[in-house]
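Engineer: Shown below is the structure under consideration.
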Amino acid sequence: MNSCVFIYILQIESYFTHKLLKIVSAIVLQVREKGKSHALELIKHVCAVLELDQNVQPEIQIMKKNLLKLVHVREFASEAQFQKCSIFFTLPNVICRDIDLRENSALLSQEWRCSVPECGQPYDREMMEASLLQIARQRERTCHLQDLVCLKCNQIKAAHLAEHCGCAGSFRLKESAIVFKDKMEVLLNIAVHQRFELLKECVSWILELS
Numbered sequence: 001m002n003s004c005v006f007i008y009i010l011q012i013e014s015y016f017t018h019k020l021l022k023i024v025s026a027i028v029l030q031v032r033e034k035g036k037s038h039a040l041e042l043i044k045h046v047c048a049v050l051e052l053d054q055n056v057q058p059e060i061q062i063m064k065k066n067l068l069k070l071v072h073v074r075e076f077a078s079e080a081q082f083q084k085c086s087i088f089f090t091l092p093n094v095i096c097r098d099i100d101l102r103e104n105s106a107l108l109s110q111e112w113r114c115s116v117p118e119c120g121q122p123y124d125r126e127m128m129e130a131s132l133l134q135i136a137r138q139r140e141r142t143c144h145l146q147d148l149v150c151l152k153c154n155q156i157k158a159a160h161l162a163e164h165c166g167c168a169g170s171f172r173l174k175e176s177a178i179v180f181k182d183k184m185e186v187l188l189n190i191a192v193h194q195r196f197e198l199l200k201e202c203v204s205w206i207l208e209l210s
């Protein structure tokens, strides 16, 4: 470990942690009813940014755990997990380029064509919808067959019959139901926005069962 990283870690353990504990406590006290949600969002966003540096991730996780105690939220609770504000969905392997189906309003016209001047080939709507249907079904299968991870040490469950992890922690799904639902709702929004009726029917059915 070089000296710069060591100094940075010391700053996290002392200055940054102390400063954030004071800020979060003040938010909770001043805003009262809505203080918890505001403070929780601050904790998630600040820690998500700081965790981008892999050298200090363990220290940031400890800091986050202490901050979450102030708002009475468990470290591995779904509400404690950072989620990006804007969710994009890009369909790969389309003519000339990948397409963001949530943002590309030009695709609502009756005839879809590649916007690259040298190309101009028409897009195949049926092919696109079929690809999205395959993605939706694959996500459903992955959700049902996913691993269990320990709430305490975050290790994947190895022994099928074990009720608890070797560290005495309980198990949870690797991908929470909330995350799965959010992903499927992105596909549903695409289906509605782009008028993909088969995709809409399929995703709606999956969401009803989940």
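Throughout the sequence shown, residue numbering follows the UniProt record's numbering, covering 1 to 210 in sequence. Backbone N, C-alpha and C define an ideal beta-carbon position, used for all residues, glycine too.
(1) Are the beta-carbon atoms belonging to Glu-140 and Ile-190 less than 7 Å from one another?
(2) Against chain B, with Cβ distances strictly below 7 Å, would Ile-178 count as a contact?
(3) Residues in the same chain with beta-carbon distance under 7 Å from Leu-9, minus the five sequence neighbours each way, listed in chain order, please.
(4) With 16 other CB atoms within 10 Å as the buried threshold, where does Glu-129 fall?
(5) Can you pull the DSSP bridge partners for Ile-156?
(6) Tell me, please, whether the region 165-180 touches the region 63-73 by the rule of three or more beta-carbon pairs shorter than 8 Å.
(7) In the DSSP assignment, what are the bridge partners of Phe-171?
(8) How many Å lie between Leu-132 and Leu-151 at the Cα?
(9) Specify, as a first and last residue, the run of the alpha helix (DSSP H) that Phe-196 falls within.
(10) Could you tell me the alpha carbon to alpha carbon distance between Asp-147 and Thr-90, rounded to whole angstroms?
(11) What does the alpha-carbon distance come out to for the pair Cys-153 and Glu-185?
(12) With DSSP run on the structure shown, which of helix, strand or coil describes Leu-29?
(13) Buried or exposed: which applies to Val-49, given that a residue is buried once 16 or more other Cβ atoms fall within 10 Å of its Cβ?
(14) Alpha carbon to alpha carbon, what distance is there between Cys-143 and Val-203?
(15) Kindly indicate which residue of Phe-180, Lys-200, Ser-210, Leu-67 has the alpha-carbon position closest to the one of Val-28.
(16) Report the partner residues of Leu-187 according to the DSSP bridge assignment.
(17) Which of helix, strand or coil does DSSP assign to Leu-40?
Structural biologist: Concretely, from the data shown:
(1) Along the sequence shown, read from residue 1 onward, the residue named residue 140 stands at position 140. Along the sequence shown, read from residue 1 onward, the residue named residue 190 stands at position 190. Not closer than 7 Å, so no.
(2) Absent here is chain B; the protein component of the structure consists of one chain.
(3) Mapped onto the sequence shown, residue 9 falls at position 9. According to the sequence provided, residue 9 is Ile. The question's Leu does not apply to it. Excluding sequence neighbours, Ile-9 sits near Val-56, Glu-59.
(4) Counted from its first residue, the sequence shown places residue 129 at position 129. Burial check for Glu-129: the Cβ neighbour count within 10 Å reaches 16 or more, so the residue is buried.
(5) Working through the sequence shown from its first residue, we reach residue 156 at position 156. In DSSP, Ile-156 forms a bridge with Val-149.
(6) no
(7) Position 171 of the sequence shown, counting from 1, holds the residue named residue 171. Phe-171 is bridged to Cys-150.
(8) On the sequence shown, position 132 is the one that residue 132 refers to. On the sequence shown, position 151 is the one that residue 151 refers to. Between Leu-132 and Leu-151, the C-alpha separation is close to 33 Å.
(9) Along the sequence shown, one-based indexing puts residue 196 at 196. Run containing Phe-196: none; DSSP gives neither H nor E here.
(10) Position 147 of the sequence shown, counted from the start, is the residue given in the question as residue 147. Position 90 of the sequence shown, counted from the start, is the residue given in the question as residue 90. Using only the alpha carbons, I get a separation of about 26 Å.
(11) Indexing the sequence shown from 1 puts residue 153 at position 153. Indexing the sequence shown from 1 puts residue 185 at position 185. Taking the straight line joining both Cα atoms gives about 30 Å.
(12) Here residue 29 refers to the residue found at position 29 when the sequence shown is read from its first residue. Helix.
(13) As a first step, residue 49 must be located in the sequence shown, where it is residue number 49. The residue is exposed, with fewer than 16 neighbouring Cβ atoms inside 10 Å.
(14) For the purposes of this step, residue 203 is taken as the residue at position 203 of the sequence shown. For the purposes of this step, residue 143 is taken as the residue at position 143 of the sequence shown. Going by C-alpha positions, Val-203 is about 14 Å away from Cys-143.
(15) As a position in the sequence shown, residue 28 is number 28, starting the count at 1. With respect to the C-alpha of Val-28, the residue from Phe-180, Lys-200, Ser-210, Leu-67 having the closest C-alpha is Leu-67.
(16) Along the sequence shown, one-based indexing puts residue 187 at 187. DSSP lists no partner for Leu-187.
(17) Position 40 of the sequence shown, counted from the first residue, corresponds to residue 40. Residue state, collapsed to three classes: helix.
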